[in-house]
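Asks:
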Amino acid sequence: MLSLLKRYRRFLLVAALLLYPLGAFLLGGRRGRDPNFIDRGVIALTAPVQQGLTAGIDGVVGTVRNYLDLRGVRQDNDALRLENLQLRATVQVLGEARAENGRLRKLLSYAEAAPGPEIPARVVGVNPVAKLLSVRISSGEKDGVFRGMSVVTPDGIVGQVIRSTGGYADVALVTDPQSRVAVRVQRSRARGTAAGAGNGPLQLENMLRTEDVEDGDLIITSGTDGIYPPGLVVGRVTHLEKKEHGMFQGADIQPAVDTSRLEEVLVVGSPYSAMASGGASAEGAQK
Numbered sequence: 073m074l075s076l077l078k079r080y081r082r083f084l085l086v087a088a089l090l091l092y093p094l095g096a097f098l099l100g101g102r103r104g105r106d107p108n109f110i111d112r113g114v115i116a117l118t119a120p121v122q123q124g125l126t127a128g129i130d131g132v133v134g135t136v137r138n139y140l141d142l143r144g145v146r147q148d149n150d151a152l153r154l155e156n157l158q159l160r161a162t163v164q165v166l167g168e169a170r171a172e173n174g175r176l177r178k179l180l181s182y183a184e185a186a187p188g189p190e191i192p193a194r195v196v197g198v199n200p201v202a203k204l205l206s207v208r209i210s211s212g213e214k215d216g217v218f219r220g221m222s223v224v225t226p227d228g229i230v231g232q233v234i235r236s237t238g239g240y241a242d243v244a245l246v247t248d249p250q251s252r253v254a255v256r257v258q259r260s261r262a263r264g265t266a267a268g269a270g271n272g273p274l275q276l277e278n279m280l281r282t283e284d285v286e287d288g289d290l291i292i293t294s295g296t297d298g299i300y301p302p303g304l305v306v307g308r309v310t311h312l313e314k315k316e317h318g319m320f321q322g323a324d325i326q327p328a329v330d331t332s333r334l335e336e337v338l339v340v341g342s343p344y345s346a347m348a349s350g351g352a353s354a355e356g357a358q359k
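The sequence shown begins at 73 in our numbering and counts up one residue at a time.
Next comes the structure, spelled out in structure tokens:
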């Protein structure tokens, strides 16, 4: 018993000091009296302890409350951050849809104004081989696309169909080094050839030195090669070079269409491609 009292003497002393004011209050009831020297001593001893306990409890309660508040703020911030990301993604999708609608509307307006039938298609692939600059489009023989047909956009010519299957076709671009397009200067009607030169500008060839050509002239298709209908935009003359000797003059032609950014195109026919497609159909029917 004595060992227990010695072990817990501090705890018992604090408990007695804290319980004494409560006992005095209960014994005194409603009657008020002036505190004696014992009351004053007990109050003097217990007040700091009570103040410390109260401060500790208030601190714990405040810490818990602040933690809960901060946790709620963090959850709100996470929710707002997620909503912001979703809104940004929606804005990007809407912006892309708006840009696509603009391109398709321009393509549709061009198709409605064109004299012949046009077949719309999307670019679904790019040839990685540098020896042949070509793209693959999402329309093929089942859509009426055949070898030899020309491919354009409202801005100008793109290339020529070189291979067609059931649902796809390959298009050699005008920038391909093997490409040749019969052209004329829109202003002076002078004729020449636009030759592909890789990813750079086209080269103006077979233009006589006596022909009227100037920097900035618009170059259009002449229609004499049986590939492209006449009057389609090819590009503009830059870096005109008139040699002192020889029959021809040269120049660069900046293409009207950036073939590295193609997304939607139109496939148009020509007299030769129409005959080729008709011949192919007849040959297939005979087989």
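All C-beta atoms, glycine included, are put in the ideal place defined by N, C-alpha and C. As the structure is a prediction and not an experimental result, all values here were calculated from the model.
1) Taking the beta strand (DSSP E) that residue 323 belongs to, which residues open and close that run?
2) Check whether the Cβ of residue 306 sits closer than 7 Å to any heavy atom of the ligand ATP, and report yes or no.
3) Go through its chain and collect everything with a Cβ distance to residue 260's Cβ below 8 Å, but skip five positions before and after it.
4) Within 10 angstroms of its Cβ, does residue 226 collect 16 or more other Cβ (buried), or is it exposed?
5) Which term fits residue 232, buried or exposed, when burial requires 16 or more other beta carbons within 10 angstroms of its beta carbon?
6) May I have the straight-line CA-CA distance separating residue 198 from residue 250, to the nearest angstrom?
7) Can you grab the Cα-Cα spacing for the pair residue 101 / residue 126, in whole Å?
8) Using 8 Å as the threshold, is the C-beta distance between residue 217 and residue 335 below it?
9) So for residue 262, helix, strand or coil by DSSP?
10) Check each candidate in 219, 300, 296 and 277 and name the one with the smallest Cα separation from residue 313.
11) So within the stretch 263-291, which uninterrupted beta strand (DSSP E) runs reach at least 3 residues, ignoring any that extend past its ends?
12) Mind checking residue 134: buried by the 16 CB within 10 Å criterion, or exposed?
13) For residue 205, I'd like the list of residues in its chain whose CB is within less than 6 Å of its CB, leaving aside the five on either flank, ordered along the chain.
14) State the Cα-Cα distance for the pair residue 147 and residue 131, rounded to the nearest angstrom.
15) In terms of residue numbering, what span does the beta strand (DSSP E) encompassing residue 236 cover?
16) What did DSSP end up calling residue 197 once you bin it into helix, strand or coil?
17) DSSP puts residue 191 in a beta bridge; with which residues?
18) Keeping to the same chain, check which residues put their C-beta closer than 7 Å to that of residue 235; ignore five residues upstream and five downstream.
19) Under DSSP, the beta strand (DSSP E) around residue 386 begins and ends at which residues?
20) Under 8 Å between the Cβ atoms of residue 280 and residue 320?
21) In the DSSP assignment, what residue or residues form a beta bridge with residue 213?
Replies: Looking at the coordinates:
1) Looking up residue 323 in the sequence shown gives position 251. Residue 323 -> beta strand (DSSP E) spans 320-327.
2) What this structure holds is no ligand at all, so the ligand ATP is not there to describe.
3) Here residue 260 corresponds to residue number 188 of the sequence shown, with the count starting at 1. Hits under 8 Å: 283, 284, 285 and 289.
4) In the sequence shown, counting from the first residue as 1, residue 226 sits at position 154. With 16 or more Cβ atoms within 10 Å of its Cβ, residue 226 is classed as buried.
5) For this step, residue 232 is matched to residue 160 along the sequence shown. Residue 232 should be labelled buried.
6) Counting from 1 along the sequence shown, the entry for residue 198 is found at position 126. Counting from 1 along the sequence shown, the entry for residue 250 is found at position 178. If you take the alpha carbons of residue 198 and residue 250, they lie about 17 Å apart.
7) Within the sequence shown, numbered from 1, the residue matching residue 101 stands at position 29. Within the sequence shown, numbered from 1, the residue matching residue 126 stands at position 54. Interpretation of residue 101 is limited by its pLDDT of 48, a score under 50 that renders its predicted location unreliable; the figure taken from the coordinates is listed afterwards. For residue 101 and residue 126, the distance between alpha carbons rounds to 25 Å.
8) For the purposes of this step, residue 217 is taken as residue 145 along the sequence shown, with counting starting at 1. For the purposes of this step, residue 335 is taken as residue 263 along the sequence shown, with counting starting at 1. Against a cut-off of 8 Å, the Cβ pair of residue 335 and residue 217 comes out as no contact.
9) Along the sequence shown, read from residue 1 onward, the residue named residue 262 stands at position 190. Residue state, collapsed to three classes: coil.
10) Within the sequence shown, numbered from 1, the residue matching residue 313 stands at position 241. For the residues 219, 300, 296 and 277, the minimum Cα distance to residue 313 belongs to 277.
11) 263-267 and 274-280
12) The sequence position of residue 134 within the sequence shown is 62, counting from 1. Residue 134 should be labelled exposed.
13) On the sequence shown, residue 205 is found 133 positions in, with the first residue counted as 1. Around residue 205: 245, 247 and 248.
14) Numbered from 1 along the sequence shown, position 75 holds the residue referred to as residue 147. Numbered from 1 along the sequence shown, position 59 holds the residue referred to as residue 131. Looking at the two C-alpha atoms, the distance is approximately 24 Å.
15) Numbered from 1 along the sequence shown, position 164 holds the residue referred to as residue 236. Residues 228-236.
16) By 1-based counting over the sequence shown, the position of residue 197 is 125. It is a strand residue.
17) Along the sequence shown, one-based indexing puts residue 191 at 119. In the DSSP output, where bridge partners are listed per residue, residue 191 has 339.
18) Along the sequence shown, read from residue 1 onward, the residue named residue 235 stands at position 163. Excluding sequence neighbours, residue 235 sits near 219, 241 and 242.
19) The question about residue 386 has no answer here: the residues shown for the chain are numbered 73 through 359.
20) Against the sequence shown, residue 280 aligns to sequence position 208. Against the sequence shown, residue 320 aligns to sequence position 248. Closer than 8 Å, so yes.
21) Residue mapping note: residue 213 aligns to position 141 of the sequence shown, counting from 1. For residue 213, which the question treats as bridged, DSSP gives no partner whatsoever.
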